[in-house]
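Data first, discussion second: the structure below is written as structure tokens.
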Amino acid sequence: MKRKPRLSFWQIWNMSFGFLGIQFGFALQNANVSRIFETLGADVALIPILWIAAPVTGLIVQPIVGYLSDKTWNRLGRRRPYFLIGAIFASLALFVMPNSPVLWVAAGMLWILDASINITMEPFRAFVGDMLPSEQRTKGFAMQSFFIGIAAFVGSFLPWIMTNVFDVSNTAPEGMIPDSVKFSFYVGGVIFFLTVMWTVYSTREYSPEELKAFDEAEKDRLGVDDTQVREEPPEDGLVQSKLKHGPIIALIGLITTALVYFLGLEQELYILTIGILAAGVLLLITVWMQKNGKKSGLVEVSDDLYLMPKTMKQLAVVQFFSWFALFAMWIYTTSAVTSHIYDMGIGDVEVEELEESLSVLEGQVDAEWYSRLPRVRSDIESFREQIEEGETQIPATMRVVNFFLEEGRVNISPELRGSLKGIEREYNVGADWVGVAFAIYNGFAALIAFFLPVMAKFTNRKITHAIALVGGAVGLISIYFISDPIWILVSMVGVGLAWASILSMPYAILAGSLPSEKMGVYMGIFNFFIVLPQILAASILGFLVGTVFGGQPIFALILGGATWVLAAGLTFLVDDVDDPDQVSTESAT
């Protein structure tokens, strides 16, 4: 049987080029959507809830698109129709979002943008598995890492470039989005559409018949059969498993939701608990459908979830801990660096005045800002506890600083106002430097992406990925020991190495373990293990920082580093069934 042909460098470039536009859209979203929400009047405390659009949308959309694309074949191909549909809607959303007149329109556009990006992105992962033989998949996913790094680097800087290079205004009347942000989104929309179109029109897909033949040839080469790739128990067995797990998962979700409500815990925890409840309910719905002979995509996707190949199950655990570390870094690096390295400290005198000012504000229950008061009070109480434990200087939170610097709320002394203004300046300098540091790790990831396949050739994909994760862990943990911000750039080199590998090695290993007719749906299901740690991080990290870590976000980065080390260890337990070196060695013997 004929094996899947090798593609040239430029063929791999063309088939991956659309990822440049996809990541451009993500970079603009990540860097500017919170700014848009705040400009349109969103309460800062509610912004994390608005941001949940991204993971929830990916959790729902990617398996659906994967399932549909597996069953699609027309004159555009199998995956390319979804590239086209997603690119059209994502580009339109990028044009509309910065012109949103009110908050609910911007929030709606975020959901549309996320859904459209996911429609485009999910098939791109399966595309590499479809088009490349096993020995080239590492290079294919590394090419995607390269484009992700380049787009993230440039896209994040685009509003700055608009202002400082093209002299576009970065200010606007109250409630309006600055032109620098608007034009950046317009450029992003054009780049998104054109790069995806380049891939659509420059790459020909293999037909389902060709893919099936290639799949059979690959199984013969590896000496495996269908039962080794995916064990399929009788349908009754799947129904019984779901019937067993569904009520337990739903009950856990119900109990934890009630605990969050009655104990008055952080509202972000509802994201996790209600999600668990919904997962249990969905399993029970599929049981009802199967018992009544109703076949649907939901039933098939749930079956595929239970029938994940062994390699995918092993990689899922690695991905979970890898992405938990990433979300800890993305959420807390700014606050960790500014509070740990920059001068944001206040002492006993300032804390005492903040407490007195707070007592004046307690009775103003009708004020529009009153809903923010409990969180501000909690922060100040934490300051007092640390003072009583012997600390002389406490890092102030920007929640407290911004609250008391806003005009017309309460009279504070010139000395306290000066201290808070100084903290605000330090924070902005630190936050700007974190932006530079993030650009460095994305830029380094783009450069190192092409080195990873070489490293994998001399070792193997698992060792390469483990080394990269340990490098990222060292980078994150090292921030705790840094006093000069310039050294953060060195830390980000390790993070960039981990980032490049996370975007390529797991997918290269995964693609070789998947049946070609299920490549799309399994790539979509694999996204669960990116989204779930994001939801978990958004749900529990705030609680951990506020309680276990004593209000010090630097320990969230150390926790992230520890989970990267754990993921590196777990990588060695993964069965890389079509590792090119391993297969060639076995063939030779």
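Once you know that position 115 of the sequence shown is 937 in the working numbering, the rest is easy, because the numbers rise by one and skip nothing.
Built from N, CA and C at the ideal position, the CB exists for glycine as well.
With a threshold of 16 other CB atoms inside 10 Å of the CB of residue i, please say whether the residue is buried or exposed.
i, result
"residue 1395", "exposed"
"residue 1077", "exposed"
"residue 1117", "exposed"
"residue 805", "No statement about residue 805 is possible, as the shown extent of the chain runs from 823 to 1411 and does not include it."
"residue 1133", "buried"
"residue 1401", "buried"
"residue 922", "buried"
"residue 1186", "exposed"
"residue 1361", "buried"
"residue 1109", "buried"
Whose CA, out of the options, lies closest to the CA of residue i?
i, options, result
"residue 1164", "1147, 1334, 1220, 925", "1220"
"residue 1138", "1401, 848, 1390", "1390"
"residue 1218", "1302, 1248, 1212", "1248"
"residue 1211", "1188, 1169, 1242, 1228", "1169"
"residue 1342", "902, 888, 1085, 858", "888"
"residue 1106", "1368, 1124, 1119, 1094", "1124"
"residue 1308", "998, 1259, 1206, 1039", "1259"
"residue 1340", "833, 851, 891", "891"
"residue 1321", "1270, 1333, 1371, 1331", "1270"
"residue 954", "1190, 1362, 1331", "1331"
"residue 1146", "1388, 1226, 893, 1120", "1388"
"residue 987", "1005, 970, 1075", "1005"
"residue 898", "1130, 845, 974, 1019", "1019"
"residue 974", "1177, 844, 1064", "844"
Given a cut-off of 7 angstroms on the beta-carbon distance, is the pair residue i and residue j in contact?
i, j, result
"residue 912", "residue 938", "yes"
"residue 1278", "residue 1150", "no"
"residue 1357", "residue 1104", "no"
"residue 1335", "residue 1399", "yes"
"residue 1216", "residue 1208", "yes"
"residue 1183", "residue 1262", "no"
"residue 1033", "residue 1128", "no"
"residue 920", "residue 1007", "yes"
"residue 1152", "residue 1291", "no"
"residue 1333", "residue 951", "yes"
"residue 931", "residue 909", "no"
"residue 1325", "residue 838", "no"
"residue 894", "residue 902", "no"
"residue 1245", "residue 1166", "yes"
"residue 1234", "residue 1226", "yes"
"residue 841", "residue 946", "yes"
"residue 846", "residue 1013", "yes"
"residue 1463", "residue 1370", "Given a span of 823 to 1411 for the chain in the structure shown, any question on residue 1463 remains unanswerable."
Would you grab the beta carbon distance between residue i and residue j for me? Rounded to a whole angstrom, and I think it's under 8 angstroms.
i, j, result
"residue 1268", "residue 972", "5 angstroms"
"residue 1382", "residue 1298", "5 angstroms"
"residue 1318", "residue 1266", "3 angstroms"
"residue 827", "residue 1037", "Residue 827 to residue 1037, Cβ: 14 angstroms. No contact."
"residue 1024", "residue 896", "The pair is not a contact, with the Cβ atoms about 18 angstroms apart (cut-off 8 angstroms)."
"residue 1002", "residue 990", "5 angstroms"
"residue 1142", "residue 1354", "7 angstroms"
"residue 1173", "residue 1206", "6 angstroms"
"residue 1313", "residue 1300", "5 angstroms"
To the nearest angstrom, how far is the alpha carbon of residue i from that of residue j?
i, j, result
"residue 1303", "residue 886", "45 angstroms"
"residue 825", "residue 1392", "31 angstroms"
"residue 1228", "residue 1241", "14 angstroms"
"residue 1027", "residue 942", "16 angstroms"
"residue 858", "residue 1223", "21 angstroms"
"residue 1294", "residue 1285", "14 angstroms"
"residue 1345", "residue 1140", "15 angstroms"
"residue 992", "residue 983", "11 angstroms"
"residue 1348", "residue 880", "11 angstroms"
"residue 1196", "residue 957", "57 angstroms"
"residue 855", "residue 1384", "30 angstroms"
"residue 1156", "residue 1144", "20 angstroms"
"residue 1253", "residue 1160", "7 angstroms"
"residue 1410", "residue 1282", "Residue placement at residue 1410 is poorly supported in this model, since its pLDDT is 43, which falls under 50; the coordinates still yield a value, given next. The straight-line gap from Cα to Cα measures roughly 17 angstroms."
"residue 883", "residue 1100", "16 angstroms"
"residue 917", "residue 1255", "29 angstroms"
"residue 1327", "residue 959", "9 angstroms"
"residue 834", "residue 962", "6 angstroms"
"residue 1031", "residue 1022", "21 angstroms"
"residue 1171", "residue 1243", "16 angstroms"
"residue 1374", "residue 1162", "8 angstroms"
"residue 1376", "residue 1365", "14 angstroms"
"residue 1372", "residue 1175", "22 angstroms"
With a threshold of 7 angstroms between beta carbons, is residue i in contact with chain B?
i, result
"residue 1148", "No chain B is present in this structure, which holds just one protein chain."
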